[in-house]
Amino acid sequence: CRRKSDAMSRALVSIVGCLCLWGVASAAVALDLGRLHLPPGFKVSLYAEQVPDARQMALGSEGTLFIGTREAGRVYAAIDANHDRVAERIGLIAEYLSMPSGVAFRDGALYVAAVDRVLRFPNIEAHLPMPPTPEQVVGGLPKDTHHGWKFIAFGPDGALYVPVGAPCNICAPKFPYASILRITTYTGEVSAYARGVRNSVAFDWHPRTGEMWFAEHGRDMLGDDAPPDEINHVTRAGQHFGYPYVHGGEILDPEFGAGHTLDEFTP
Numbered sequence: 033c034r035r036k037s038d039a040m041s042r043a044l045v046s047i048v049g050c051l052c053l054w055g056v057a058s059a060a061v062a063l064d065l066g067r068l069h070l071p072p073g074f075k076v077s078l079y080a081e082q083v084p085d086a087r088q089m090a091l092g093s094e095g096t097l098f099i100g101t102r103e104a105g106r107v108y109a110a111i112d113a114n115h116d117r118v119a120e121r122i123g124l125i126a127e128y129l130s131m132p133s134g135v136a137f138r139d140g141a142l143y144v145a146a147v148d149r150v151l152r153f154p155n156i157e158a159h160l161p162m163p164p165t166p167e168q169v170v171g172g173l174p175k176d177t178h179h180g181w182k183f184i185a186f187g188p189d190g191a192l193y194v195p196v197g198a199p200c201n202i203c204a205p206k207f208p209y210a211s212i213l214r215i216t217t218y219t220g221e222v223s224a225y226a227r228g229v230r231n232s233v234a235f236d237w238h239p240r241t242g243e244m245w246f247a248e249h250g251r252d253m254l255g256d257d258a259p260p261d262e263i264n265h266v267t268r269a270g271q272h273f274g275y276p277y278v279h280g281g282e283i284l285d286p287e288f289g290a291g292h293t294l295d296e297f298t299p
């Protein structure tokens, strides 16, 4: 991801003033939303400020917006009590975590993915502003911060899907690196759902077939325009999508592609 230097981006990644625990949200930076160009029928407005380094978001069943961060190490909650589409209160759910960018909500619980573990805050919305002590769903994941932050989501099968990025630009790491994991949250059972995935930062499922589609960041240092990043389609568990041997479905890696062919992998 490339950092932007304009005021719009700084409002998202910088602390402005002092954030109080469960304080009243207040405007701190004037944003020129007119600079955003939207398709006909779309509208953009400011929902919350004072949420530095916001990354992934998840909406609770009672309307609480949970927000993970990457470098800040915090998980926030934003509450719009009067339903006017502007958060009046912002507070901390957790802090001092390692890149807790991934958040997901299911059956009343908030799930948070730090680099090497996944935590669960049960019945979270009934315990604001004093969040419960989290439970560890799974631990022992790699601690590498290079591609270690995680986007997480629940699939239509009720399992939690968690990527483990490659700890490098280009290398041939052992499992569970370069994979998307399927986790049964109440048993902690972990299995490989997709392999050969350098770094996935988002995925979703087709509403009718239930098949996953995921984004993947390609390797660096092969030129400004190559290889392309990818959108991949999982049709069965265990498919291998090429990393580090093949990129973009048709480019053999100059370091790791020798001895491999394109048809070994899912394009």
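In my numbering, the protein residues as written are 33 to 299. Here a beta-carbon is modelled for each residue, glycine too, at the ideal position from N, C-alpha and C.
Classification of residue i by the beta-carbon crowding that lies within 10 angstroms, buried from 16 upward
i    : result
V107 : buried
P188 : exposed
Y128 : exposed
L65  : exposed
N114 : exposed
E243 : exposed
Y143 : buried
R8   : Nothing about residue 8 can be reported from this structure: the residues present for the chain run from 33 to 299 only.
D285 : buried
L97  : buried
R117 : exposed
K182 : buried
E248 : buried
Y193 : buried
T217 : buried
F137 : buried
Helix, strand or coil at residue i [DSSP, three-state]
i    : result
H159 : helix
L294 : helix
L68  : coil
R268 : coil
F235 : strand
C33  : Low per-residue confidence applies at C33: pLDDT is 37, beneath 50, and the placement is therefore not dependable enough to give any value.
E262 : strand
F153 : strand
Y128 : coil
L63  : coil
F137 : strand
L254 : coil
Y277 : coil
F246 : strand
R240 : coil
R121 : strand
V26  : With the chain represented from 33 up to 299, any question about residue 26 goes unanswered, as that position is not in the structure.
V144 : strand
A109 : strand
Presumed contact (8 Å Cβ cut-off) between residue i and residue j, rounded CB distance
i    : j    : result
P276 : I202 : 5 Å
V266 : A226 : 5 Å
G250 : D261 : 5 Å
A210 : G228 : 6 Å
P259 : H272 : Between H272 and P259 the Cβ distance is about 16 Å, and since that is not below 8 Å, they are no contact.
F246 : S223 : With a Cβ gap of about 16 Å, F246 and S223 do not count as contacting.
F153 : A145 : Contact doesn't hold; Cβ gap of about 12 Å is too wide.
L78  : L68  : Their Cβ separation, rounded to whole angstroms, is 11 Å, which puts L78 and L68 out of contact at 8 Å.
H179 : P199 : 7 Å
A119 : A158 : Not a contact, Cβ separation roughly 19 Å.
Evaluate the contact criterion for the region 129-145 versus the region 77-91: three or more CB pairs, one atom per stretch, below 8 Å. yes
Only counting runs of 3 or more residues, tell me where the beta strand (DSSP E) segments fall wholly within the region 168-232, in order along the chain. 192-196, 211-216, 221-227
Within the chosen definition, does the region 159-176 reach the region 224-242 through at least 3 CB pairs nearer than 8 Å? As far as the Cβ criterion goes, the region 159-176 does not touch the region 224-242, which means the pair count is below three.
Segments of 3+ residues assigned as beta strand (DSSP E) that fall wholly inside the region 78-106: 86-91, 97-101
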